[in-house]
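In this text, residue positions in the sequence shown follow the numbering used here: the first is 832, and each later residue adds one.
Ideal Cβ positions, reconstructed from N, Cα and C, are used throughout, including at glycine.
These notes concern the structure reproduced below.
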Amino acid sequence: MSPDHERVEYAPSEIESGIYKWMTASLIPRAIAWVSTVSADGVDNVAPHSFTTVAGIEPPTLCFVSVGAKDTLANARATGEFVLNIGTGHLLHAMNDSATDFPGELSEFDAAGLEREPSRLVAPPRVAAAPIAFECRVSGEHVIGNCVMVFGEVVHVAAHRAVLAADGLPDATAVDPLARLGRSEWSRLGEVVSLNRIRYDDWAEGKRSG
């Protein structure tokens, strides 16, 4: 085995820097749920959550994970609604600013200088500059230790026309989505590769991706 392929082996409890930092530095890039909510007292909130994904199609469901008891989680539980906004490269600094642990009575929209946009079906506002926003109603949650995975059924989708391709779907390059890496690292999209899945009949006839 070459030195480049020599492995180090750990039990999670043996990692000096902690398994959280190892996982976030390895499972990259991670999409970011820029979640806007409203508190029971009417204060709006927006914060990034970098553990997020599509959780279902029928009904359409998205999810994000709150690591610890964050305002986003408290608001989603109190009102049953949230908006998952897609952040972009030019919004990097505003998104990072919105991750600051502001007191609950202070809106991140105001602190980060973000313009609000009314949602169509839910109370939390959208981030006006976000090219895509999914309005969601909370459909459940799953607790894992000190983390809570919040599920939301998508009830409305809004997108800037400028980021839509000819087929009506978002164009990845036009969206220019942000992603999280490890430590304090962020990334943008980079090279986009299009590669069709191979049907078995074609595979059986010798077709390969390469």
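Consult DSSP for N927 and reduce its assignment to one of helix, strand or coil.
Helix at N927.
Which one of C978, S970, G887, M926 has the shortest CA to CA distance from A900?
Closest by alpha carbon: C978.
Can you give me the C-alpha to C-alpha distance between L1020 and S929, rounded to a whole angstrom?
Going from the Cα of L1020 to the Cα of S929 covers about 21 Å.
Going by C-alpha to C-alpha distance, which of G887, L952, P1001, L915 sits closest to V877?
Looking at the Cα atoms, L915 is the closest of the given residues.
Under the three-state reduction of DSSP, which class applies to P1008: helix, strand or coil?
If DSSP states are grouped into helix, strand and coil, P1008 belongs with the strands.
Return the CA-CA distance between D872 and T931, expressed in angstroms with no decimal places.
Each residue's Cα considered, the two are about 20 Å apart.
Could you give the residue range of the alpha helix (DSSP H) that holds T910?
902-910 is the span of the alpha helix (DSSP H), which, as asked, contains T910.
Touching or not, the stretch 857-865 and the stretch 879-888, by the rule of three or more beta carbon pairs under 8 Å?
The answer is yes - the stretch 879-888 touches the stretch 857-865, with three or more Cβ pairs under 8 Å.
Just to confirm the assignment, what range does the beta strand (DSSP E) spanning D875 have?
Start and end: 875-880.
Classify V835: buried if its beta carbon has 16 or more other beta carbons within 10 angstroms, exposed otherwise.
First, the residue type needs correcting, since residue 835 is Asp and not Val in the sequence shown. The residue is exposed, with fewer than 16 neighbouring Cβ atoms inside 10 Å.
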